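Below: the structure, in structure tokens.
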Ligand code: DWN
Ligand code: ZN
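In UniProt numbering, the protein residues as written are 1 to 422.
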């Protein structure tokens with residue numbers, strides 16, 4: 001298939017309609033990061049251009065191409081991992097959403113992109129009524145099995161109206177790491193407006209573009225992530241759609257995220273100082289001018305080269321290297337750094353859906369951690385670096401036996417038992 005038949009090239013900015021774009025980075029053509037494949041002697045894969053541009057009017061960073069979401073999400077390989085870090089985080093999100101804007105006891109919570117329903121279960125346990133909306137049929141099945149009612153749909157204005165009609169207005173609409181995946185943000189915000197109760201709150205968690213630029217998290221650039229948001233860009237977007245940003249909290253998950261609370265313009269809440277404070281930090285970091293993005297692109301090039309040279313050097317010296325965590329970021333990192341099955345023997349991952357498959361583009365086989373532990377490599381490239389603390393603690397035995405990890409960003413860093421103890 002000509003892959004461009006199933007991808008749309010972005011012309012006008014999805015936030016402000018602007019057409020004056022700065023080119024930021026371009027990684028050539030790459031397969032979708034969650035398109036894991038059955039092992040085969042040869043592969044034919046769809047690849048799509050992967051490049052980021054920045055709107056000079058509102059400073060939305062956007063991908064240049066939008067892959068058809070039916071291709072990306074109907075069957076989805078990313079299921080919320082069994083991780084203390086993410087479980088604790090989800091409990092925190094449930095608490096903060098319940099308390100910060102007085103969510104009524106027994107209120108109604110709708111989550112977009114609810115995956116296997118782990119986040120919603122935290123609300124259920126607190127006595128709230130919940131409904132998930134997620135297009136991935138394989139994940140909806142899991143959520144339903146765990147007692148979380150979930151519609152197998154993309155969230156849009158029609159879905160929102162149907163939910164309001166069948167279940168009533170929502171006190172909280174939540175979208176964790178899903179809003180940056182949406183092309184038609186206007187349609188979704190129309191739906192949110194129609195679904196929210198008058199005093200209701202719309203909360204999203206997205207990677208913060210300032211953290212992404214500062215910490216050089218270029219591996220979070222893949223086809224699912226259409227937008228890289230600054231707080232100020234979200235303020236602009238919401239204002240255009242009858243919503244108001246009320247509060248923003250920085251959180252460490254996924255390399256630095258923001259939890260952004262918003263309400264209806266006509267609602268009872270007023271913005272808190274955090275909104276202005278974070279906009280000021282973005283301004284101070286120079287993110288409303290071209291230079292910051294030019295510097296980002298230069299630094300990305302340096303890290304790409306350093307990582308490739310480091311890993312190839314280790315292999316040339318006879319060391320065995322494998323990946324740890326077949327994350328979407330990891331797939332991107334390997335593809336854009338030119339590392340593949342020639343360098344990495346395998347990649348260990350806890351997700352049953354990924355085990356036994358090969359990683360898109362680079363065809364590194366994915367195996368279970370148990371299998372990996374039977375024949376561990378000399379060096380693990382930590383492709384799930386956002387869980388570094390948890391993973392390094394879990395792998396203390398491996399480190400103690402002389403094993404090492406490479407944390408790839410912002411600059412490749414080798415961690416051994418000794419450096420960790422120091
Ligand atoms: O926005 C998105 C984020 C939030 O989640 C999505 N578009 C897709 C996904 O991105 P990701 O795949 O980069 O997410 P994670 O959570 O960083 O992926 C970690 C991977 O590592 C999972 O496949 C599970 C695996 N893992 C592991 O093998 N051992 C994770 C932990 C904690 C472990 O100990
Ligand atoms: Zn714009």
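By construction, the Cβ of each residue, glycine as well, lies at the ideal position given by its N, Cα and C atoms.
Keep in mind that this is a model prediction, so the values were computed, not measured.
Sufficient close CB pairs (3 or more, under 8 Å) joining the region 247-266 to the region 105-119: no
CA nearest to the CA of residue 268, picked from 280, 251, 246: 246
Beta-bridge pairing of residue 365 - partner residues as DSSP gives them: 358
Supposed contact pair residue 13 and residue 83 - C-beta distance, whole angstroms, cut 8 Å: That pair is no contact at about 35 Å.
Reduced DSSP secondary structure (H/G/I, E/B, other) of residue 58: coil
Buried versus exposed call for residue 134 [16 or more other C-beta atoms within 10 Å across all chains shown]: buried
Residue 2 to residue 385 span [Cα, whole Å]: Confidence is the limiting factor: at residue 2 the pLDDT is only 44, short of 50, which leaves the residue's position unreliable and the question unanswerable from this model.
Heavy atom of the ligand ZN within 7 Å of residue 55 beta-carbon: yes
Bridge partner(s) assigned by DSSP for residue 262: 202, 245
Cβ-Cβ distance between residue 330 and residue 323 below 8 Å: yes
Run of the beta strand (DSSP E) containing residue 67, from where it starts to where it stops: 65-67
Buried/exposed call for residue 9, threshold 16 Cβ in 10 Å: exposed
Contact between the region 230-247 and the region 21-37 (3+ Cβ pairs under 8 Å): no
Alpha carbon of residue 59 to alpha carbon of residue 210, nearest angstrom: 11 Å
Extent of the continuous beta strand (DSSP E) to which residue 171 belongs: 170-176
Any non-hydrogen atom of the ligand ZN within 7 Å of residue 15 CB: yes
Assigned exposure category for residue 325 - 16 Cβ within 10 Å defines buried: buried
Rounded distance between the beta-carbons of residue 180 and residue 228, thought under 8 Å: 7 Å
Ranges of the beta strand (DSSP E) found wholly within the UniProt domain "C-methyltransferase" (252-410), counting only runs of at least 3: 257-264, 321-324, 344-348, 379-382, 404-407
Residue 347 CB to nearest heavy atom of the ligand ZN below 7 Å: no
Close-in-space but distant-in-sequence residues of the same chain around residue 320 (CB under 7 Å, 5 per side omitted): 345, 377, 378
Beta-carbon gap between residue 438 and residue 350 smaller than 8 Å: Summary: the structure shown does not reach residue 438, with the chain confined to residues 1 through 422, and so no result is reported for it.
Beta-carbon contacts of residue 304 that lie in its chain and below 6 Å, excluding the five residues immediately before and after: 337
Assumed close pair residue 406, residue 381 - CB separation to whole angstroms, cut-off 8 Å: 5 Å
Distance cut-off 7 Å: residue 60 Cβ against heavy atoms of the ligand ZN: yes
Which residues DSSP lists as bridging residue 9, in chain order: 65
Counterpart residues of residue 112 in DSSP-defined beta bridges: 133, 175
Assigned secondary structure, residue 505 (DSSP; H/G/I helix, E/B strand, else coil): This structure cannot speak to residue 505, because the chain is shown only from 1 to 422.
CB contact flag (residue 127, residue 114, <8 Å): no
Nonlocal neighbours in the same chain, by C-beta distance under 7 Å from residue 81, ignoring five residues either side: 350, 351
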